[in-house]
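Numbering (my numbering), first residue to last: 3 to 190.
Some notes on the structure that comes next.
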């Protein structure tokens, strides 16, 4: 049974002055990167978006920046002061997504599951988030994608890659494709 996402499509503004000879600009996607980190703080998945290839120094620097921002988020998760922010309220059944910090025009949000899995998403600061439910749904969709991958008996993840703490690196093409689909729904 397929579940529909509660993430509403973002409006695309029609452009009236586009000539037929000008190259089509890809839609703006506010999501800069997605990271999934194990409970033992091992990166399971770090993927940047909006970077075509990392062969140029500018794109390689962006990729390294997003990797660094993911690791900065881990420092905040490890901080005793952040524990109070991350505790979900007892009466609220929804997940607790927290703005961890803003660095270099990237808002870094994080969510820690009850078993210690950390999901980190970097969103362009120019993106105006109208409703927190949209952001929570993004994190839920990423978490569901992760769970579907690790519990899929036909997944390409082998027992050799598994370690004692279930620190499985998620480098399957199917997982990449599914995360990209989730991220592409945010393009405007």
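In this text, a Cβ means the ideal position worked out from N, Cα and C, and glycines have one as well.
Item                                                                                                        : Value
Nearest to residue 101 (by Cα), restricted to the options 186, 42, 72                                       : 72
Cβ neighbours of residue 147 in the same chain (closer than 8 Å, five flanking residues each side left out) : 177, 180, 181, 184
Option in 57, 117, 30, 123 with minimal Cα separation from residue 74                                       : 123
Residue from 135, 76, 34, 114 with nearest C-alpha to residue 107                                           : 34
CA-to-CA distance, residue 155 to residue 189, given in whole angstroms                                     : 32 Å
Close beta carbons around residue 80, own chain, < 8 Å, minus the five adjacent residues each side          : 43
Residues bridged to residue 49 [DSSP beta-bridge criterion]                                                 : 36
Proximity to residue 50 [Cα-Cα], best of 39, 41, 68                                                         : 68
Candidates 173, 140, 133, 136: closest to residue 152 by CA position                                        : 173
DSSP-derived helix/strand/coil call for residue 60                                                          : helix
Residue 112 burial status per 10 Å Cβ neighbour count (16 or more: buried)                                  : buried
Contact check, residue 142 vs residue 41, beta carbons under 8 Å                                            : no
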